[in-house]
Amino acid sequence: MLGRIIAVEFRLRMRELLTPLFALALPLALLFGFGLVPDADRPAEDLGGQALTEYMAALGIAVAFAILALMMMPGVLSDYREKGVLRRMRATPVKPSALLVAQLVVNAGAALVSVATLLAVGTAVFGTALPRDPAAFAAAALLCLGALLAIGALVTAVAPSARAGNALGSLLFFPSLFLAGVYLPYDRMPGLLQRVCDLTPLGAGLRAMRDAWMGHDVRISQLAIMALYGLVATVAAARLFRWE
Numbered sequence: 001m002l003g004r005i006i007a008v009e010f011r012l013r014m015r016e017l018l019t020p021l022f023a024l025a026l027p028l029a030l031l032f033g034f035g036l037v038p039d040a041d042r043p044a045e046d047l048g049g050q051a052l053t054e055y056m057a058a059l060g061i062a063v064a065f066a067i068l069a070l071m072m073m074p075g076v077l078s079d080y081r082e083k084g085v086l087r088r089m090r091a092t093p094v095k096p097s098a099l100l101v102a103q104l105v106v107n108a109g110a111a112l113v114s115v116a117t118l119l120a121v122g123t124a125v126f127g128t129a130l131p132r133d134p135a136a137f138a139a140a141a142l143l144c145l146g147a148l149l150a151i152g153a154l155v156t157a158v159a160p161s162a163r164a165g166n167a168l169g170s171l172l173f174f175p176s177l178f179l180a181g182v183y184l185p186y187d188r189m190p191g192l193l194q195r196v197c198d199l200t201p202l203g204a205g206l207r208a209m210r211d212a213w214m215g216h217d218v219r220i221s222q223l224a225i226m227a228l229y230g231l232v233a234t235v236a237a238a239r240l241f242r243w244e
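Its first residue numbered 1, the sequence shown is counted upward by one per residue in this note's numbering.
The following block contains the structure:
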């Protein structure tokens, strides 16, 4: 039964191609926009010794995660609540929680597609090196995605309508982008702001992915921060979630 629900949610998402494509289009636009800058493939001192193309590829992955978790998932599930879909499901043998699991699976799948696409495009078009420590990179990416999806579920739990879900998601999305280094690269931020960034799930996730990309040791504190966000948000979402 869960497989059928996942398949239905996937088909519904594909009918609205503009929605999932945005999660890939914006990161690709960032990669192409900055990847065409002269010497973008060379190590840059103001990026901690990382090439601009590598930085933008890692940043694009983080942005895709944030779009899927903080913008798309809360809007969809809050819309279901507003339209009474969740309430009607309670009268069927299907548990409403299956719908939440299906949304998590669909968004996680879309995130993996985004990661694979950005890695492939970066390598094929700009000659970007793949992460030097793929295992650490995968762990950092999964923890970052899990933390953000848990926060998205928490937003869904408290949003009474699709409009409220979109508004709450946006309130989290845009500051998260700033703290992840979209508007100002992390390495150019003042020390105090860097410490604030390191305490956010997206900031910690991007820092860990960049470290793994460059072959540096990933700090356990960064992984712990993402795991803590995911755990706390998951517990809070389970306690606060309303089906109608």
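C-beta: ideal position from N, C-alpha, C; glycine also.
Computed from a predicted structure; not experimentally measured.
Its chain contains I225 as the residues whose beta carbon lies nearer than 8 Å to that of L199, once the 5 sequence neighbours on both sides are disregarded; these appear in chain order. In its chain, beyond the 5 residues on either side, A58, I61, A62, P131, F137, A140, A141 and C144 have a beta carbon closer than 8 Å to the beta carbon of M209. The Cβ atoms of T53 and A150 do not sit closer than 8 Å to each other. Comparing C-alpha distances from T156 to each of D39, E82 and A116 shows the shortest one belongs to E82.
If you check the CB distance, A23 and I67 come in under 8 Å. Within 10 angstroms of the beta-carbon of G146 lie 16 or more other beta-carbons, which makes it buried.
In this structure, the beta-carbon distance from G48 to D187 falls below 8 Å. Here the region 71-78 makes no contact with the region 29-38; the two share fewer than three CB pairs at distances below 8 Å. Annotation for I151: the continuous alpha helix (DSSP H) segment containing it runs P134 to V158. Between the C-alpha atoms of L26 and A64 there is a straight-line separation of about 8 Å.
Taken atom to atom, the span from the alpha-carbon of F174 to that of G203 is near 13 Å. Listed as beta-bridge partners of P38 by DSSP are no residues whatsoever.
Q103 has no beta-bridge partner at all, per DSSP. Every unbroken stretch of the alpha helix (DSSP H) spanning 4 or more residues and falling wholly within the region 154-242 is given here in chain order: 162-180, 191-198, 201-214 and 220-240. Using a Cβ distance threshold of 8 Å, A162 and D79 count as a contacting pair. Under the 10 Å beta carbon count, I220 is surrounded by fewer than 16 other beta carbons and is classified as exposed. Secondary structure note for P74: its alpha helix (DSSP H) is the uninterrupted segment M73 to E82.
A distance of 8 Å or more separates the beta carbons of V76 and Q50.
Between G181 and L206, the C-beta gap is smaller than 8 Å, which places the two residues in contact. As far as DSSP is concerned, A120 takes part in no beta bridge. Checking the DSSP bridge columns, you'll see P43 partnered with A51.
Less than 8 Å divides the Cβ of L99 from the Cβ of M89.
In terms of CA proximity to F126, G33 leads the group G33, G215 and I5. Per DSSP, L70 lies in no alpha helix (DSSP H) segment and is marked neither H nor E.
Across the set A124, R239 and I6, the C-alpha of I6 shows the shortest separation from the C-alpha of A108. The alpha-carbon of P201 is positioned some 7 Å away from that of Y229.
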